[in-house]
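According to our numbering, the sequence shown is numbered sequentially starting from 7.
Please read the structure below before turning to the comments.
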Amino acid sequence: MNLQSYKLIRSKRKSLALSVDDEARLVVRAPLKLPQRDIEAFIERKALWITRRQKQVAEDAARFREFSLKEGESILLYGEVHVIKRSNISKISVEENLILMPQSTTLEGFTKWMRSKAKKLIRGRVAYYAELMGANYAAVRVTSAKRRWGSCGAKNTLNFSWRLVMCPRWVIDYVVVHELCHIAFKNHSPEFWQYVARHMPNYKEARSWLRKNQKLMDVI
């Protein structure tokens, strides 16, 4: 094992730990006096995991690269990767895994299109779940927030970032249910999470997806 291929950090820890940083570089944390041969043997045993993790980090880096609307760029729409293709058409449309757009479309224009799709979907899902849950909300606002997927105001106005449109529909549903639950519970108490689970049993998977893909907030 080439020592230059990973970063070794020794400390007063009792066990070995591996991680892959944002540059897809392997980071090894080891006890102060653990022999080098033991470290490298451990790395060899974990070679498959390391390779898979480095590949995932590299793919995520490409996926979360700042979006500029260039031909051939990709962006998520409803959780699926779509490729940008310019065409001699009059308005933006979706065809399988392609987002077709007029030659004259600007980034601002594309953002407005994404926001309109988010607004239509989110308002529909809020109406659906509010009726199901018997929740009374004041209004629904679709915002340009970059730090929060959603929020519920003191007067029960629900706010959602238009960037949710990049998430899978089941994840969007979770955010909608989460904020509707805040109408009854203005906190994150155990009772709140029980209420969420009652209406969204897979909420933990949705929360995990959002944590992993938080960088979607910054691509556009």
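Ideal Cβ positions, reconstructed from N, Cα and C, are used throughout, including at glycine.
### Task
Inspect the beta-carbon positions of Gly115 and Pro174 and report whether they are closer than 8 Å.
no
### Query
Ser195 bridges to which residues according to DSSP?
Answer is none; Ser195 lacks a bridge partner.
### Query
What's the C-alpha gap between Trp168 and Asn94?
27 Å
### Message
In whole angstroms, give me the CA-to-CA distance for Ala203 and Lys210.
### Response
9 Å
### Message
In the DSSP assignment, the alpha helix (DSSP H) including Leu14 goes from what residue to what residue?
### Response
Per DSSP, Leu14 belongs to no alpha helix (DSSP H); it is in the beta strand (DSSP E), 12-17.
### Query
Taking the continuous alpha helix (DSSP H) assigned at Thr117, which residues delimit it?
113-139
### Task
Consult DSSP for Leu9 and reduce its assignment to one of helix, strand or coil.
With a pLDDT of only 45 at Leu9, under 50, the local geometry of the prediction cannot be trusted, and the value read off the model is given with reservation. Helix at Leu9.
### Task
Can you give me the start and stop residues for the beta strand (DSSP E) that Lys91 sits inside?
86-93
### Message
Just to confirm my understanding: we take Met232, look at its own chain, exclude 5 residues before and 5 after, and list those with CB closer than 6 Å. What are they?
### Response
The chain is shown only over 7 to 226; residue 232 falls outside these bounds and no answer can be derived.
### Task
Using the Cα positions of Leu32 and Val87, report the straight-line distance between them to the nearest angstrom.
27 Å
### Query
How many angstroms separate the CA atom of Lys61 from the CA atom of Val181?
29 Å
### Task
Answer yes or no: the CB of Ala36 versus the heavy atoms of the ligand ADP, is any distance below 7 Å?
With respect to the ligand ADP, the structure shown offers nothing to examine, as it has no ligands at all.
### Query
In whole angstroms, what separates the C-alpha of Gln109 from that of Ser96?
9 Å
### Message
In whole angstroms, give me the CA-to-CA distance for Asp224 and Arg59.
### Response
22 Å
### Message
Going by DSSP in three states, Phe73 sits in which element: helix, strand or coil?
### Response
coil
### Cβ-Cβ distance between Arg131 and Ile189 below 8 Å
no
### Query
Exposed or buried, Leu164, counting other C-beta atoms within 10 Å across all chains shown (16 or more means buried)?
buried
#### Entry: Cβ pair Leu186, Ala141 closer than 8 Å
yes
### Query
To which residues of the same chain is Ala124 closer than 7 Å at the C-beta, ignoring the five residues directly before and after it?
Val148, Trp168, Leu170, Val171
### Message
If the criterion is Cβ atoms closer than 8 Å, does the pair Arg92 and Met107 meet it?
### Response
yes
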